[in-house]
Amino acid sequence: MKPFLPFARPTVDEQSIASVAEVLRSGQLASGPRVLAFEAALAAYIGGGRQVRVMTSATAGLEMALEVAGIGPGDEVLVPAMSFAASANVIARLRAKPVFVDIDLDTRNIDIALAERAITPKTRAIMPVHFSGLPVDLDALYSLAGKHGLRVIEDAAHAIGSRYKNRLIGSCGDLVCFSFHPNKNMTTIEGGAIATADARAAELLEQYRFHGIKRNAEGEVDVMFPGAKSNLPDVAAQLGIEQLRRLDGFNARRRELAQRYFEALDGCSAVRLPARGDSGHSWHMMTVLIDFAARATTRPAFQKLMASRGVGIGVHYPCIPGFTYYRGQGYRAEDYPVAARVGRETVTLPLFPTMSDEDVVRVCTELRAVLSAT
Numbered sequence: 005m006k007p008f009l010p011f012a013r014p015t016v017d018e019q020s021i022a023s024v025a026e027v028l029r030s031g032q033l034a035s036g037p038r039v040l041a042f043e044a045a046l047a048a049y050i051g052g053g054r055q056v057r058v059m060t061s062a063t064a065g066l067e068m069a070l071e072v073a074g075i076g077p078g079d080e081v082l083v084p085a086m087s088f089a090a091s092a093n094v095i096a097r098l099r100a101k102p103v104f105v106d107i108d109l110d111t112r113n114i115d116i117a118l119a120e121r122a123i124t125p126k127t128r129a130i131m132p133v134h135f136s137g138l139p140v141d142l143d144a145l146y147s148l149a150g151k152h153g154l155r156v157i158e159d160a161a162h163a164i165g166s167r168y169k170n171r172l173i174g175s176c177g178d179l180v181c182f183s184f185h186p187n188k189n190m191t192t193i194e195g196g197a198i199a200t201a202d203a204r205a206a207e208l209l210e211q212y213r214f215h216g217i218k219r220n221a222e223g224e225v226d227v228m229f230p231g232a233k234s235n236l237p238d239v240a241a242q243l244g245i246e247q248l249r250r251l252d253g254f255n256a257r258r259r260e261l262a263q264r265y266f267e268a269l270d271g272c273s274a275v276r277l278p279a280r281g282d283s284g285h286s287w288h289m290m291t292v293l294i295d296f297a298a299r300a301t302t303r304p305a306f307q308k309l310m311a312s313r314g315v316g317i318g319v320h321y322p323c324i325p326g327f328t329y330y331r332g333q334g335y336r337a338e339d340y341p342v343a344a345r346v347g348r349e350t351v352t353l354p355l356f357p358t359m360s361d362e363d364v365v366r367v368c369t370e371l372r373a374v375l376s377a378t
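Heads up: the sequence shown is residues 5 to 378, going by the numbering used here.
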């Protein structure tokens, strides 16, 4: 029997394991020289003369970026209606108001035209998601933000190594947040980073991630405000250094696998494929849409059947306004019809660098067989 194929799997080689073991043996486990080295490596990779600061998660990074941008109670932040819940949760945690905007059906990115219509005098920022590693139209985004005086926090959790018009995501723009969760294109186990051109913002991020502490030239400690505890440890940073050296290779393989999916699912009318993008797409995920209601079945039933055939299927993502908390705040999923549809129909197929071309064929063969039986 063939081994079970999950929808995501991190790629960690023996060199990486050995280098992390060296850090463990060193006794320097919390934030230290490896964090500084990782930040420098990320800044060099991204380019554009950016300042980079790392933290324990992209979620922590998004929340800190909003705080650095001055977002607080009563402010409104535009955010796509379909993303991971963290995209809206961080806004709500600061007692600001998430203003959901519908998405494009195939790119799954925020609809810029709809975003402009959602702007009010209380709007202070826009927080788009580069969904699955496909960049948002940054020219249109920053034109809109400049026109209305908005801060931009790019949720680039999926997009490390993605390019927009041959520029790496994070090499330009306002505040750009990455994720290094184990299912992302590179991992620090848990972790995130923010890239910015603003040296003052970078200094504030250092303080926000560690209790609001600032040290003077003599090393004396002062607390500037009640910050968080989100500093990345050296052990995680060392894994990040090792992962970063392989990132371009990881992403190249992801693009190859995505192309195999497009070939293998060509002509499969039961499946709606995502937008292909161009060579700048880093293919964090392969998400497709299936109209389960029309097939008189459910997504959980489909997932169970695929699992019984050895293939793991994820769900990325439900429509955020449909969650209990947001319904309780007066939001309705049906007000965002595209996001609601994607939330109902989306499934995530296996995609990670160590997959073979034959694995893609296997996934698509099993998918067609399951769908033909419903």
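Here a beta-carbon is modelled for each residue, glycine too, at the ideal position from N, C-alpha and C. Since the structure is predicted, the reported quantities are computational estimates derived from the model, not experimental observations.
* What three-state label does DSSP hand K151 in the structure shown? -> The residue you call residue 151 lines up with position 147 of the sequence shown. Here K151 sits in helix by DSSP.
* **Length of the line joining the Cα atoms of E194 and N187** => Indexing the sequence shown from 1 puts residue 194 at position 190. Indexing the sequence shown from 1 puts residue 187 at position 183. If I take the Cα positions, the gap works out to 10 Å.
* Asked: Taking just the CA atoms, how far does Q211 sit from K308?
  -> Position 304 of the sequence shown, counted from the first residue, corresponds to residue 308. Position 207 of the sequence shown, counted from the first residue, corresponds to residue 211. The straight-line gap from Cα to Cα measures roughly 46 Å.
* To do: Below 8 Å on the Cβ atoms is my guess for G318 versus T352; work out the distance and round it to an integer in Å.
  => Translated into positions along the sequence shown, residue 318 becomes position 314. Translated into positions along the sequence shown, residue 352 becomes position 348. Yes, G318 and T352 are in contact; Cβ-Cβ is about 4 Å, under 8 Å.
* Pull up the CB-CB distance for A85 and Y340, whole angstroms please, since I reckon it's below 8 Å. => In the sequence shown, residue 85 corresponds to position 81, counting from 1. In the sequence shown, residue 340 corresponds to position 336, counting from 1. The Cβ separation is near 4 Å, so the contact holds.
* In chain order, each beta strand (DSSP E) run of at least 3 residues that lies wholly inside the region 49–101 -> 55–59, 80–84
* Does the beta-carbon distance from R280 to F266 come in below 8 Å? -> Translated into positions along the sequence shown, residue 280 becomes position 276. Translated into positions along the sequence shown, residue 266 becomes position 262. The answer is yes: Cβ separation under 8 Å.
* Quick one: what's got a C-beta closer than 8 Å to A92's C-beta in the same chain, skipping five residues either side? -> Counting from one through the sequence shown, the residue named residue 92 turns up at place 88. Result list for A92: V83, P102, F104, I324, Y330, in chain order.
* Mind checking P304: buried by the 16 CB within 10 Å criterion, or exposed? -> Numbered from 1 along the sequence shown, position 300 holds the residue referred to as residue 304. Exposed.
* Whose C-beta lies closer than 6 Å to the C-beta of T63 among residues of the same chain, with five residues either side of it excluded? -> Reading the sequence shown from its first residue, position 59 is the one you call residue 63. Closer than 6 Å at the Cβ level, and outside the excluded window around T63, lie A90.
* Quick one: grab the DSSP three-state call for Y335. => Here residue 335 refers to the residue found at position 331 of the sequence shown. Here Y335 sits in coil by DSSP.
* Could you have a look at C368 and say whether DSSP puts it in helix, strand or coil? => The sequence position of residue 368 within the sequence shown is 364, counting from 1. If DSSP states are grouped into helix, strand and coil, C368 belongs with the helices.
* Residue range of the beta strand (DSSP E) that V225 falls in? -> Within the sequence shown, the letter at position 221 stands for residue 225. Taken as a continuous stretch (DSSP letters only), the beta strand (DSSP E) holding V225 covers 225–227.
* When you compare only the Cα positions, how much space is there between R366 and D252? -> Numbered from its first residue, the sequence shown carries residue 366 at position 362. Numbered from its first residue, the sequence shown carries residue 252 at position 248. If I take the Cα positions, the gap works out to 26 Å.
* Asked: Excluding five sequence neighbours on each side, which residues of the same chain lie with their C-beta closer than 7 Å to the C-beta of R97?
  -> Taking the first residue of the sequence shown as position 1, residue 97 is located at position 93. Excluding positions up to five away in sequence, the list reads E67.
* Where E158 falls, given that 16 or more other Cβ within 10 Å makes a residue buried -> Within the sequence shown, the letter at position 154 stands for residue 158. By the neighbour-count rule (16 or more Cβ atoms within 10 Å), E158 is buried.
* Asked: How about the region 130–138 and the region 68–83: do they share at least three Cβ pairs that are nearer than 8 Å?
  -> yes
* According to the Cβ coordinates, are F38 and I245 closer than 8 Å? -> In the sequence shown, the residue the question calls residue 38 occupies position 34. In the sequence shown, the residue the question calls residue 245 occupies position 241. For the record, residue 38 in the displayed sequence is Arg; it is not Phe. In this structure, I245 lies closer than 8 Å to R38 by Cβ.
* Note down the Cα distance separating A377 from L371, rounded to an integer number of angstroms. => Position 373 of the sequence shown, counting from 1, holds the residue named residue 377. Position 367 of the sequence shown, counting from 1, holds the residue named residue 371. Whole-angstrom Cα-Cα distance: 10 Å.
* To do: Express the C-alpha separation of H288 and S30 in angstroms, rounding to a whole number.
  => Reading the sequence shown from its first residue, position 26 is the one you call residue 30. Reading the sequence shown from its first residue, position 284 is the one you call residue 288. Cα to Cα, S30 sits roughly 34 Å from H288.
* **8 Å CB neighbourhood of V94 in its chain, flanking five on each side removed** => Stepping through the sequence shown from its first residue, residue 94 is reached at position 90. If we look at V94 and ignore the five residues flanking it on each side, its Cβ neighbours are T63, L66, E67, L70.
* Let me know if M359 comes out buried or exposed under the rule of 16 or more other beta-carbons within 10 Å of its beta-carbon. => Within the sequence shown, the letter at position 355 stands for residue 359. Classification for M359: buried.
* To do: Would you mind working out which of F135, S136, R259, T127 sits nearest K151, comparing C-alpha positions?
  => Taking the sequence shown and counting its residues from 1, one reaches residue 151 at position 147. The option with the nearest alpha carbon to K151 is T127.
* Asked: Under the rule that 16 or more other beta-carbon atoms within 10 Å means buried, what is A76, buried or exposed?
  -> Locating residue 76 in the sequence shown gives position 72, counting from the first residue. Correcting the residue identity first, residue 76 is Gly in this sequence and not Ala. Looking at its Cβ environment, which holds fewer than 16 other Cβ atoms inside 10 Å, G76 is exposed.
* According to DSSP, is A373 helix, strand or coil? -> Position 369 of the sequence shown, counting from 1, holds the residue named residue 373. A373 falls in the helix class under three-state DSSP.
* Asked: What are the boundary residues of the alpha helix (DSSP H) that L33 is part of?
  -> Counting from 1 along the sequence shown, the entry for residue 33 is found at position 29. Element bounds for L33: n/a, residue is neither H nor E.
* Just confirm the distance between the C-beta atoms of I116 and L145, as a whole number of angstroms; I'd bet it's less than 8 Å. => Position 112 of the sequence shown, counting from 1, holds the residue named residue 116. Position 141 of the sequence shown, counting from 1, holds the residue named residue 145. With 8 Å as the limit, I116 and L145 qualify as a contact, their Cβ atoms being about 6 Å apart.
* Please confirm whether R249 and S286 have their CB atoms less than 8 Å apart. => Here residue 249 refers to the residue found at position 245 of the sequence shown. Here residue 286 refers to the residue found at position 282 of the sequence shown. Result no, Cβ atoms of R249 and S286 do not sit closer than 8 Å.
* Asked: In chain order, what residues of the same chain have a beta carbon less than 8 Å from the beta carbon of G14, not counting five sequence neighbours either side?
  -> Taking the first residue of the sequence shown as position 1, residue 14 is located at position 10. A small correction: the amino acid at residue 14 is Pro; Gly does not occupy that position in the sequence shown. Excluding sequence neighbours, P14 sits near P186, N187, T191, F356.
* To do: Mind listing, in chain order, the continuous beta strand (DSSP E) runs of no fewer than 3 residues lying wholly within the region 187–228?
  => 196–200, 217–219, 225–227
* Three-state class that DSSP yields for T127 in the structure shown -> The count along the sequence shown starts at 1 and reaches residue 127 at position 123. In this structure, T127 counts as strand in the three-state DSSP scheme.
* Under 7 Å Cβ to Cβ from L269, same chain only, skipping five residues before and after it: list those, please. => The residue you call residue 269 lines up with position 265 of the sequence shown. V275, L277, C368, listed in sequence order.
* Asked: Can the beta-carbon of V27 be found closer than 8 Å to that of Q247?
  -> Here residue 27 is taken as the residue at index 23 of the sequence shown, counted from 1. Here residue 247 is taken as the residue at index 243 of the sequence shown, counted from 1. Not in contact: V27 and Q247 (Cβ atoms no closer than 8 Å).
* Would you be able to state if there are at least three C-beta pairs under 8 Å between the region 166–181 and the region 215–228? => no
* To do: Whole angstroms is fine: what's the gap from I173's alpha carbon to G196's?
  => As a working note, residue 173 is residue 169 in the sequence shown. As a working note, residue 196 is residue 192 in the sequence shown. If I take the Cα positions, the gap works out to 14 Å.
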